[in-house]
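Comments concern the structure below.
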Amino acid sequence: MEPKHKKDAAFSHLLSNMLDGSAHALELAQELTNDRDEHLRALQRQFATAPVMGFRPGQIIQWKPGMKNRLIPVYGEPAIVMEVLNPPVFDSNKELDGTSLYREPLNLVLGIQDVDGDFLTFHYDARRFEVTADLGEAK
Numbered sequence: 002m003e004p005k006h007k008k009d010a011a012f013s014h015l016l017s018n019m020l021d022g023s024a025h026a027l028e029l030a031q032e033l034t035n036d037r038d039e040h041l042r043a044l045q046r047q048f049a050t051a052p053v054m055g056f057r058p059g060q061i062i063q064w065k066p067g068m069k070n071r072l073i074p075v076y077g078e079p080a081i082v083m084e085v086l087n088p089p090v091f092d093s094n095k096e097l098d099g100t101s102l103y104r105e106p107l108n109l110v111l112g113i114q115d116v117d118g119d120f121l122t123f124h125y126d127a128r129r130f131e132v133t134a135d136l137g138e139a140k
């Protein structure tokens with residue numbers, strides 16, 4: 002059996018390492034918090050950034066990184082601007098209360114192709130999209 006003083010020394014060493022580690026963990030947590038805060042600020046700036054001239058029918062657009070709040074289209078999948086709504090419409094579905102979709106201004110009608118190849122249109126918030134290509138005005 003080990004003498005008690007050796008166990009106490011080992012425990013003290015472990016305890017001091019844990020305390021040093023918790024100070025390090027506190028610094029690491031602060032760094033992570035700062036990184037999250039900066040990332041959140043970057044997302045806010047990205048959300049608020051809109052094309053200088055706005056969107057127009059015929060433009061090919063996609064989700065801005067980190068802005069997707071609907072199932073379709075998926076990131077990187079193109080959508081075509083069908084119509085720009087001014088003023089925007091708001092979904093009046095009370096079941097959306099408490100979700101990210103509640104009172105979202107829907108000011109774009111986008112056309113997408115579903116997995117079956119069918120062409121569908123949906124309403125979206127323009128602040129969440131960016132231009133990927135410009136096909137010119139719809140004819």
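Numbering (our numbering), first residue to last: 2 to 140. We put the beta carbon where it would ideally sit given N, CA and C, even for glycine.
Below 6 Å CB to CB, which residues in the same chain sit around GLU138 once its five sequence neighbours on both sides are set aside?
-> Along the sequence shown, read from residue 1 onward, the residue named residue 138 stands at position 137. Because GLU138 carries a pLDDT of 47, less than 50, the predicted location of this residue cannot be relied on, and no value is offered for it.
Any idea what DSSP makes of LEU121, helix, strand or coil?
-> What you label residue 121 is simply residue 120 of the sequence shown in a count that begins at 1. Reduced to three states, the DSSP call for LEU121 is strand.
Quick one: Cα of VAL110 to Cα of HIS124, how far?
-> In the sequence shown, counting from the first residue as 1, residue 110 sits at position 109. In the sequence shown, counting from the first residue as 1, residue 124 sits at position 123. Distance between the alpha carbons of VAL110 and HIS124: 5 Å.
Once you ignore the five residues that flank PRO89 on each side, which residues in its own chain have a CB closer than 6 Å to its CB?
-> The sequence position of residue 89 within the sequence shown is 88, counting from 1. Around PRO89: PRO106, LEU107, ASN108.
Where GLU78 and THR133 are concerned, what is the direct C-alpha to C-alpha distance, given to the nearest angstrom?
-> Residue 78 sits at position 77 when you count from the first residue of the sequence shown. Residue 133 sits at position 132 when you count from the first residue of the sequence shown. Answer to the nearest angstrom: the Cα atoms are 10 Å apart.
Might you give, ordered along the chain, the residues of its own chain that have their beta carbon closer than 7 Å to the beta carbon of GLY141, omitting 5 neighbours on each side?
-> Since the displayed the chain opens at 2 and closes at 140, residue 141 lies outside it and no answer follows.
Three-state secondary structure (DSSP) of PHE130 = Here residue 130 is taken as the residue at index 129 of the sequence shown, counted from 1. The answer is strand: DSSP assigns PHE130 an E or B state.
What does LEU111 pair with, by DSSP beta-bridge criteria?
-> Residue numbering aside, residue 111 sits at position 110 when the sequence shown is read from its first letter. For LEU111, which the question treats as bridged, DSSP gives the partners VAL82, PHE123.
Is GLU131 near LYS65, with beta carbons less than 7 Å apart?
-> Here residue 131 is taken as the residue at index 130 of the sequence shown, counted from 1. Here residue 65 is taken as the residue at index 64 of the sequence shown, counted from 1. Closer than 7 Å, so yes.
Between ARG37 and GLN47, what straight-line distance do the alpha-carbon atoms span, to the nearest angstrom?
-> The residue labelled residue 37 in the question sits at position 36 within the sequence shown. The residue labelled residue 47 in the question sits at position 46 within the sequence shown. Cα-Cα distance, rounded: 15 Å.
With burial defined as no fewer than 16 other Cβ atoms inside 10 Å of the residue's Cβ, what is the status of GLN63: buried or exposed?
-> Mapped onto the sequence shown, residue 63 falls at position 62. Buried, because 16 or more other Cβ atoms sit within 10 Å of the Cβ of GLN63.
Own chain partners of PHE120 with C-beta closer than 7 Å, once the 5 adjacent residues on each side are dropped | What you label residue 120 is simply residue 119 of the sequence shown in a count that begins at 1. Cβ within range, chain order: GLY112, GLN114.
Opposite ILE62 in the DSSP bridges: which residues?
-> The count along the sequence shown starts at 1 and reaches residue 62 at position 61. Answer is ALA80, VAL132, bridged to ILE62.
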